[in-house]
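Asks: Supplied in structure tokens, the structure appears directly below.
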Amino acid sequence: MPYETQCAACDGAGCEKCHDGIVRLTGCPRREIGADIWELLEYAELFRRGLAPEPGGALDQAAAFLRACGFIWGEQQRIEAEIMNDLSAGRQGRHPAGR
Ligand SMILES: [Zn+2]
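With our numbering applied, the sequence shown corresponds to residues 7 to 105, in that order.
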């Protein structure tokens with residue numbers, strides 16, 4: 007069963023990266039994500055646990071990295087909430103955020 011979620015690029019408004027605001031994955035998501043993004047996800051998880059990629063505290067990290075972490079952590083929370091809502095409603099497979 008394909009996985010569907012709201013497009014993060016346009017917040018569901020519809021753009022060239024989605025179909026009417028919905029992104030549909032029909033294969034392994036690992037094929038859709040490049041090595042650089044996997045590396046960023048690993049650094050974001052380490053930073054969430056207190057291990058910064060650069061020496062120092064949060065103010066010593068690159069602003070772009072901090073913005074990326076905010077986006078990643080927000081998306082992880084949103085997806086976890088969708089899954090929990092679907093599980094409590096007895097649904098599975100489709101996770102249209104905010105609908
Ligand atoms: Zn889109």
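For every residue, glycine included, the Cβ atom is placed at its ideal position computed from N, Cα and C. Because the structure is a prediction, the values reported are computed rather than measured.
Does any heavy atom of ligand 1 sit closer than 7 Å to the C-beta of Ala69?
Replies: As a first step, residue 69 is located in the sequence shown; it is residue number 63 there, counting from the start. The answer is no for Ala69.
Asks: Could you give the C-beta distance for Ile78 and Ala50, rounded to a whole number, given that I count them as a contact under 8 Å?
Replies: Counting from 1 along the sequence shown, the entry for residue 78 is found at position 72. Counting from 1 along the sequence shown, the entry for residue 50 is found at position 44. About 5 Å separates the two Cβ atoms, so the contact holds.
Asks: Residues in its own chain within less than 8 Å of Ala64 by CB, not counting five upstream and five downstream?
Replies: Indexing the sequence shown from 1 puts residue 64 at position 58. If we look at Ala64 and ignore the five residues flanking it on each side, its Cβ neighbours are Ala58, Leu72.
Asks: Rounded C-beta distance between Cys13 and Lys23? I'm assuming under 8 Å.
Replies: Here residue 13 is taken as the residue at index 7 of the sequence shown, counted from 1. Here residue 23 is taken as the residue at index 17 of the sequence shown, counted from 1. Right, the Cβ-Cβ distance comes to about 6 Å (below 8 Å), so this counts as a contact.
Asks: On the three-state DSSP scale, how would you describe Ile39?
Replies: In the sequence shown, the residue the question calls residue 39 occupies position 33. DSSP places Ile39 in coil when its eight states are reduced to three.
Asks: Output yes or no for whether 8 Å exceeds the beta carbon distance between Arg36 and Glu10.
Replies: Translated into the one-based positions of the sequence shown, residue 36 becomes position 30. Translated into the one-based positions of the sequence shown, residue 10 becomes position 4. In this structure, Glu10 does not lie closer than 8 Å to Arg36 by Cβ.
Asks: Ends of the beta strand (DSSP E) at Leu31?
Replies: As a working note, residue 31 is residue 25 in the sequence shown. Start and end: 28–31.
Asks: To the nearest angstrom, report how far apart Gly18 and Arg55 are at their CA atoms.
Replies: Translated into the one-based positions of the sequence shown, residue 18 becomes position 12. Translated into the one-based positions of the sequence shown, residue 55 becomes position 49. Looking at the two C-alpha atoms, the distance is approximately 31 Å.
Asks: When we look at the beta-carbon of Glu48 and count the other beta-carbons within 10 Å, is it buried (16 or more) or exposed?
Replies: Residue mapping note: residue 48 aligns to position 42 of the sequence shown, counting from 1. Its Cβ having fewer than 16 others within 10 Å, Glu48 is exposed.
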